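Going by UniProt numbering, the sequence shown opens with residue 1, and the numbers climb by one from there. Glycine included, C-beta positions come from ideal geometry on N, C-alpha and C. Model, not experiment: these values are computed from the prediction. Encoded as structure tokens, the structure appears first; notes follow it.
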Amino acid sequence: MNRVKIGKSQVTTAPLGLGTNKVGGHNLFSNLSESDGRETVRAALESGIQLLDTAFMYGKGRSEELIGEVIADFPRDQVIIADKAAHDFSSGEMVLNNDPQFLKKSVDDALQRLKTDYIDIFYIHFPDDKTPKSEAVGALQEMREAGKIRAIGISNFTLEQAKEANQDGYVDVVENYYSLIHRDEEKQLFPYLRDANISFVPYFPLESGLLTGKYTSDTIFAESDPRSKNEKFTGESFKKAMQAVDKIRPIARQHHVSVLQTVLAWYLANPDLTAVIPGARNASQIPGLVQSLDLTLTKEEYDLIDKSFTAL
Ligand SMILES: NC(=O)c1ccc[n+]([C@@H]2O[C@H](COP(=O)([O-])OP(=O)(O)OC[C@H]3O[C@@H](n4cnc5c(N)ncnc54)[C@H](OP(=O)(O)O)[C@@H]3O)[C@@H](O)[C@H]2O)c1
1 MNRVKIGKSQ VTTAPLGLGT NKVGGHNLFS NLSESDGRET VRAALESGIQ LLDTAFMYGK
61 GRSEELIGEV IADFPRDQVI IADKAAHDFS SGEMVLNNDP QFLKKSVDDA LQRLKTDYID
121 IFYIHFPDDK TPKSEAVGAL QEMREAGKIR AIGISNFTLE QAKEANQDGY VDVVENYYSL
181 IHRDEEKQLF PYLRDANISF VPYFPLESGL LTGKYTSDTI FAESDPRSKN EKFTGESFKK
241 AMQAVDKIRP IARQHHVSVL QTVLAWYLAN PDLTAVIPGA RNASQIPGLV QSLDLTLTKE
301 EYDLIDKSFT AL
């Protein structure tokens with residue numbers, strides 16, 4: 001895999017990473033198997049994936065612990081850990097906290113759970129209402145100067161919040177919701193990030209499975225399946241998304257690859273995206289992700305996919 005650079009930092013990584021909210025993320029998903037989680041991370045690292053996107057919020061530290069167990073078997077410099085914090089449960093209920101002391105403690109605690117002595121990218125997972133953004137980022141800059149993290153990220157920040165956070169030029173990367181279906185960041189955030197030399201990593205790139213090609217407009221989810229109550233997977237928006245996915249199918253067939261691989265190849269070719277972090281539920285899904293690296297779309301194919309979804 002070729003390598004990409006994270007903002008102005010010294011961190012470089014292969015551009016296809018792995019999202020790990022289903023590795024130990026028991027508070028977010030039901031029926032997760034921890035052995036599947038470990039095997040997913042292992043299969044990813046054995047396939048050349050380096051960037052592992054985790055967070056304290058994925059299992060309240062459990063995702064970090066499981067990742068820590070697996071990476072102990074790999075050379076540390078072959079793994080790029082992206083971690084996040086902001087969720088504070090110390091009062092008994094969850095509050096978002098960007099207080100400098102809280103963020104610094106979060107980095108130290110994460111290092112323990114990951115059993116490592118540095119984290120490659122550390123994100124403020126969500127902004128809070130009270131902390132000046134540049135002070136929150138300043139706390140992470142102190143952690144960088146102490147050698148505990150190598151790059152600074154912010155996640156779920158609006159353009160205005162990102163500008164405030166980057167007042168001193170310390171921010172290297174933004175991770176926000178973005179997919180072929182959800183294109184809000186293109187008009188305003190992307191031009192700013194380009195100018196400020198800040199990387200962008202989209203989350204939900206597969207729209208939680210909607211863009212894998214495994215569903216059609218006839219798919220109906222059982223009442224017991226949470227997707228039957230999710231707007232994304234029902235009604236008119238689901239039908240429209242499936243019609244757009246249908247336009248990708250001939251391109252995928254032509255290249256003898258899946259819709260999922262075609263979608264990932266589109267992200268990998270998109271100059272505004274630095275890396276892409278699809279999530280996987282088990283190790284058997286990893287080869288399907290990695291095969292996307294073998295596909296190079298022509299300009300016509302790239303534009304056709306782009307156009308099929310911009311109209312949504
Ligand atoms: N910063 C933030 O606030 C934030 C928020 C959300 C997510 N994230 C990060 O972004 C990552 C990606 O998001 P996500 O995992 O929720 O959603 P996603 O990447 O859009 O979709 C992942 C889903 O795609 C399906 N999939 C993956 N590989 C497949 C394959 N080879 N064949 C068939 N289906 C396949 C699986 O669906 P099934 O489950 O149906 O098998 C998997 O659960 C997360 O893991 C997390 O690290 C960050």
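query                                                                                                                    : result
Supposed close pair Ala110, Glu64 - CB separation, criterion 8 Å                                                         : 6 Å
Cβ-heavy atom distance, His182 to ligand 1, below 8 Å                                                                    : no
Nonlocal neighbours in the same chain, by C-beta distance under 8 Å from residue 337, ignoring five residues either side : Because the chain is modelled from 1 through 312, residue 337 falls outside the range shown and cannot be assessed.
Local conformation of Tyr123 per DSSP, three classes                                                                     : strand
Host beta strand (DSSP E) of Glu223 (start-end)                                                                          : Element bounds for Glu223: n/a, residue is neither H nor E.
Whole-angstrom distance between Phe238 and residue 324, CA atom to CA atom                                               : Nothing in the structure corresponds to residue 324, since the chain is present only between 1 and 312.
8 Å contact criterion, which Lys22 and Asn197 should meet: CB distance rounded                                           : Between Asn197 and Lys22 the Cβ distance is about 32 Å, and since that is not below 8 Å, they are no contact.
Reference Glu135; option with closest CA among Leu28, Pro100, Ile149, Ser199                                             : Pro100
C-alpha gap between Gly37 and Val290, whole angstroms                                                                    : 17 Å
Euclidean distance between Cα positions of Val174 and Asp272                                                             : 11 Å
Ser308: first and last residue of the uninterrupted alpha helix (DSSP H) it sits in                                      : 299 to 310
Backbone secondary structure at Lys60 - three-state DSSP                                                                 : coil
Reduced DSSP category for His87 - H, G, I as helix; E, B as strand; rest coil                                            : strand
Residue burial classification, Pro279 (beta-carbon count within 10 angstroms, cutoff 16)                                 : According to the sequence provided, residue 279 is Gly. The question's Pro does not apply to it. Burial call: buried.
DSSP three-state assignment for Arg3, whether helix, strand or coil                                                      : coil
Host alpha helix (DSSP H) of Ala151 (start-end)                                                                          : No alpha helix (DSSP H) contains Ala151, which is instead part of the beta strand (DSSP E) from 149 to 155.
Close Cβ partners of Lys240 (< 7 Å) along its chain, the five nearest in sequence each way excluded                      : Leu312
Where Ser106 falls, given that 16 or more other Cβ within 10 Å makes a residue buried                                    : buried
Cα-Cα separation, Lys183 to Gly59                                                                                        : Correcting the residue type first, residue 183 is Arg in the shown sequence and not Lys. Looking at the two C-alpha atoms, the distance is approximately 29 Å.
Tyr170 CB to nearest heavy atom of ligand 1 below 8 Å                                                                    : no
Tyr302 versus Met1 - alpha carbon distance                                                                               : 20 Å
Residues sharing a beta bridge with Ala82, DSSP                                                                          : Asp53, Ile121
Ser9 (DSSP reduced to helix, strand or coil)                                                                             : coil
Local Cβ density within 10 Å of Gly92, reported as buried at 16 or more and exposed below that                           : exposed
CA-to-CA distance, Phe200 to Phe122, given in whole angstroms                                                            : 14 Å
Cα-Cα separation, Leu96 to Ala86                                                                                         : 5 Å
Cβ neighbour criterion (16 or more within 10 Å) applied to Ile220                                                        : exposed
Where Glu93 falls: helix, strand or coil (DSSP)                                                                          : coil
Beta-bridge pairing of residue 380 - partner residues as DSSP gives them                                                 : No information on residue 380 is available, as it lies outside the stretch 1 to 312 that the chain covers here.
Whole-Å CB distance - Lys104 paired with Ala139, under 8 Å assumed                                                       : 5 Å
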